[in-house]
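Asks: Okay, so the sequence shown: first residue is 137 according to the numbering used here, each after it adds one.
First the structure, which I've put down as structure tokens, then a few questions once you've had a look.
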Amino acid sequence: ENPMPYPALAWDFFNLFDTDHDSEELIALIDESYGSFSETMTAPLVQLAENLFLLELFHGPTLSFKDFGLQLIGNLFEHQIRHTGEPINVLGATSGDTGSAAIHGLANKKGVNVFILYPKGRIAELQERQMTCTAAKNIFPIPIEGTFDDAQRIVKELMGDLAFKNKLRLSAINSINLARILAQSVYYVHAFMQLPMDNRGDVHFSVPTGNFGNVLSGWLAHKMGLPVERFIVATNRNDILHRLFTTGQYASGKVHPSLAPSMDIQIASNFERFLYYYHGEDGKKTAADMAKIAKIGKLKLPNFAPGAFTASKCDD
């Protein structure tokens, strides 16, 4: 049995959340967003062994899984500008994937200026060229001294200054923007629907993890009812999340350059969202813990239970 086409599934999913567009507008935006993908299944699930499957997320225009969120966000921004007549400035930080995917999704869009901060000398050459060689007049890639964590901190501080944000009409393309996370949740549902019935009893997703956005997208789909037993948080030497899920302590360390620069992160931005649910959706407790992390760089969670998460790490 063929699974539901990806755009139809995305429409069903976003219909639960999107109150700003009617059904016809939403399906048109989704069709446009995923029409440029090179594979008819959009995110095909390939069987490698009896109980081992690979979800292919590289069929978008920049070959990154982030195309799933950023192609859609680019079209949502453009639609918003058409309706309001007010331009926006899009701000983001990247370790590689986000920048090239965002720029492809937003290049030459009317009313949008895109400013992408990235750590100089710490991203893949191909992705740097994807960002800097567009010839689009609305794209402004900005190399900074430091790491991705430094770039992300700048973006968060600017987004946190509400007067500044509103004055410049700033919008985010990092996973600060929940639409990015929700767009990625769809392909976990799509993957499950492609599994043979005999393989749906004890499903584990293993997800390469840096900023904790991709695997969190799957976990949110799980919280919505997707029957998944386990999410394996797979890190490289930059193992802040491996240490969290094995010891209950979240402690940032030095960033180690690796063969996977998009994972070279020691401050996982989406940990705050996990913490919010860990504290039973208590915003005050979450804010207090995030303030503690900002002050001393670590947080110990007493009696920590990782729930559906486990973790593994490997070195180059």
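Built from N, CA and C at the ideal position, the CB exists for glycine as well.
Tell me, please, which residues DSSP counts as bridged to Asn406.
Replies: Within the sequence shown, numbered from 1, the residue matching residue 406 stands at position 270. DSSP lists no partner for Asn406.
Asks: Assess, as a yes-or-no matter, whether the segment 241 to 258 is touched by the segment 271 to 285 under the definition of 3 or more beta carbon pairs within less than 8 Å.
Replies: yes
Asks: What does a CB cutoff of less than 7 Å around Ala260 pick up in its chain, not counting 5 residues either side in sequence?
Replies: Sequence index remark: in the sequence shown, residue 260 carries index 124 (1-based). Gly232, Pro397.
Asks: Which partner residues of Phe341 appear in the DSSP bridge assignment?
Replies: Looking up residue 341 in the sequence shown gives position 205. Answer is Phe367.
Asks: Phe410 to Gln216, Cα distance in whole Å?
Replies: Looking up residue 410 in the sequence shown gives position 274. Looking up residue 216 in the sequence shown gives position 80. If you take the alpha carbons of Phe410 and Gln216, they lie about 29 Å apart.
Asks: Determine, using beta carbons only, whether Asn406 and Gly361 come nearer to each other than 7 Å.
Replies: Residue numbering aside, residue 406 sits at position 270 when the sequence shown is read from its first letter. Residue numbering aside, residue 361 sits at position 225 when the sequence shown is read from its first letter. Cβ atoms of Asn406 and Gly361: not closer than 7 Å.
Asks: So the candidates are Asp452, Ile429, Ile401, Phe440; which of them puts its Cα closest to the Cα of Tyr414?
Replies: In the sequence shown, counting from the first residue as 1, residue 414 sits at position 278. When only C-alpha atoms are compared, the closest one is Phe440.
Asks: According to DSSP, simplified to helix, strand and coil, what is Lys434?
Replies: As a first step, residue 434 is located in the sequence shown; it is residue number 298 there, counting from the start. Note: Lys434 maps to strand in three-state DSSP.
Asks: In the DSSP assignment, what residue or residues form a beta bridge with Gly228?
Replies: Against the sequence shown, residue 228 aligns to sequence position 92. Ile252.
Asks: What is the rounded straight-line gap between the Cα of Leu184 and the Cα of Asp148?
Replies: Counting from one through the sequence shown, the residue named residue 184 turns up at place 48. Counting from one through the sequence shown, the residue named residue 148 turns up at place 12. The alpha-carbon atoms of Leu184 and Asp148 are separated by roughly 29 Å.
Asks: Scan the segment 271 to 330 and note each continuous beta strand (DSSP E) run of 3 residues or more that stays entirely inside, going in chain order.
Replies: 275 to 280, 306 to 308
Asks: Tell me the residue span of the beta strand (DSSP E) that contains Leu351.
Replies: Indexing the sequence shown from 1 puts residue 351 at position 215. First, the residue type needs correcting, since residue 351 is Val and not Leu in the sequence shown. Taken as a continuous stretch (DSSP letters only), Val351 belongs to no beta strand (DSSP E), being part of the alpha helix (DSSP H) at 349 to 359.
Asks: Out of Leu191, Asn187, Ile239, point me to the one whose CA is closest to Glu175's CA.
Replies: In the sequence shown, the residue the question calls residue 175 occupies position 39. Nearest of Leu191, Asn187, Ile239 to Glu175, Cα basis: Leu191.
Asks: Taking contact to mean 3 or more Cβ pairs, one atom from each stretch, closer than 8 Å, check whether the segment 238 to 246 and the segment 312 to 324 are in contact.
Replies: no
Asks: With the cut-off set at 7 Å, would you say Ser394 and Ile368 are in Cβ contact?
Replies: The residue you call residue 394 lines up with position 258 of the sequence shown. The residue you call residue 368 lines up with position 232 of the sequence shown. No, Cβ-Cβ distance for Ser394 and Ile368 is not below 7 Å.
Asks: Check Ser236 in the structure and name its three-state DSSP category.
Replies: Residue mapping note: residue 236 aligns to position 100 of the sequence shown, counting from 1. In the three-state DSSP reduction, Ser236 falls in the helix class (H, G or I).
Asks: Which one of Ile239, Phe300, Gln263, Thr382 has the shortest CA to CA distance from Asn310?
Replies: Reading the sequence shown from its first residue, position 174 is the one you call residue 310. Ranking the options by Cα distance to Asn310, first place goes to Ile239.
Asks: Among residues of its own chain, excluding the 5 on either side of Asp338, which ones have a beta-carbon nearer than 7 Å to its beta-carbon?
Replies: On the sequence shown, residue 338 is found 202 positions in, with the first residue counted as 1. The residues are Glu365.
Asks: Check whether the segment 368 to 377 touches the segment 434 to 450, counting contact only when three or more Cβ pairs, one atom from each stretch, lie closer than 8 Å.
Replies: Contact between the segment 368 to 377 and the segment 434 to 450 is present, because at least three Cβ pairs lie under 8 Å.
Asks: Can you list, in chain order, the stretches of the alpha helix (DSSP H) that have 4 or more residues and sit fully within the segment 145 to 232?
Replies: If only complete runs of 4 or more residues are kept, the segment 145 to 232 shows the alpha helix (DSSP H) at 159 to 170, 203 to 220, in order along the chain.
Asks: To the nearest angstrom, how far is the alpha carbon of Leu331 from that of Leu181?
Replies: For the purposes of this step, residue 331 is identified with residue 195 of the sequence shown, where counting begins at 1. For the purposes of this step, residue 181 is identified with residue 45 of the sequence shown, where counting begins at 1. Taking the straight line from one Cα to the other gives about 8 Å.
Asks: For a test of the three-state rule: what should DSSP assign to Phe381, helix, strand or coil?
Replies: Looking up residue 381 in the sequence shown gives position 245. The answer is helix: DSSP assigns Phe381 an H, G or I state.
Asks: What number of angstroms, rounded off, separates the C-alpha of Lys359 from the C-alpha of Gly433?
Replies: The residue you call residue 359 lines up with position 223 of the sequence shown. The residue you call residue 433 lines up with position 297 of the sequence shown. Using only the alpha carbons, I get a separation of about 29 Å.
Asks: Quick check: the Cα distance between Ile163 and Asp334, rounded to an integer number of angstroms?
Replies: The residue you call residue 163 lines up with position 27 of the sequence shown. The residue you call residue 334 lines up with position 198 of the sequence shown. Rounded to whole angstroms, Ile163 to Asp334 spans 32 Å at the Cα level.
Asks: How would you write the range of the alpha helix (DSSP H) that Leu262 sits in, first residue to last?
Replies: As a first step, residue 262 must be located in the sequence shown, where it is residue number 126. That run of the alpha helix (DSSP H) goes 261 to 268.
Asks: Taking the beta strand (DSSP E) that Phe445 falls in, what are its first and last residues?
Replies: One-based indexing of the sequence shown puts residue 445 at position 309. Note, Phe445: beta strand (DSSP E), 445 to 449.
Asks: Pick out whichever of Leu206, Thr283, Ser236, Gln288 has its Cα sitting closest to the Cα of Arg265.
Replies: Indexing the sequence shown from 1 puts residue 265 at position 129. Among Leu206, Thr283, Ser236, Gln288, the Cα nearest to that of Arg265 is on Ser236.
Asks: Excluding the 5 residues flanking Val325 on each side, which residues of the same chain have their C-beta closer than 8 Å to its C-beta?
Replies: Taking the sequence shown and counting its residues from 1, the one referred to as residue 325 is at position 189. Excluding sequence neighbours, Val325 sits near Leu145, Phe149, Ala357, Leu362.
Asks: If you run the structure through DSSP and keep just helix, strand and coil, what is Ala387?
Replies: Counted from its first residue, the sequence shown places residue 387 at position 251. Residue state, collapsed to three classes: strand.
Asks: Our contact map puts Ser172 next to Pro141 with C-beta atoms below 8 Å; I'd like the distance itself, whole angstroms only.
Replies: Counting from 1 along the sequence shown, the entry for residue 172 is found at position 36. Counting from 1 along the sequence shown, the entry for residue 141 is found at position 5. Not quite, the Cβ-Cβ distance comes to about 15 Å (not below 8 Å), so this is no contact.
Asks: If you reduce the DSSP assignment to three classes, tell me which class Ser398 lands in.
Replies: As a position in the sequence shown, residue 398 is number 262, starting the count at 1. In the structure shown, Ser398 sits in a helix (DSSP, three-state: H, G or I).
Asks: Helix, strand or coil, according to DSSP, for Pro143 in the structure here?
Replies: Taking the sequence shown and counting its residues from 1, the one referred to as residue 143 is at position 7. Reduced to three states, the DSSP call for Pro143 is helix.
Asks: When the Cα atoms are used, what is the spatial distance from Met267 to Pro438?
Replies: In the sequence shown, residue 267 corresponds to position 131, counting from 1. In the sequence shown, residue 438 corresponds to position 302, counting from 1. Each residue's Cα considered, the two are about 43 Å apart.
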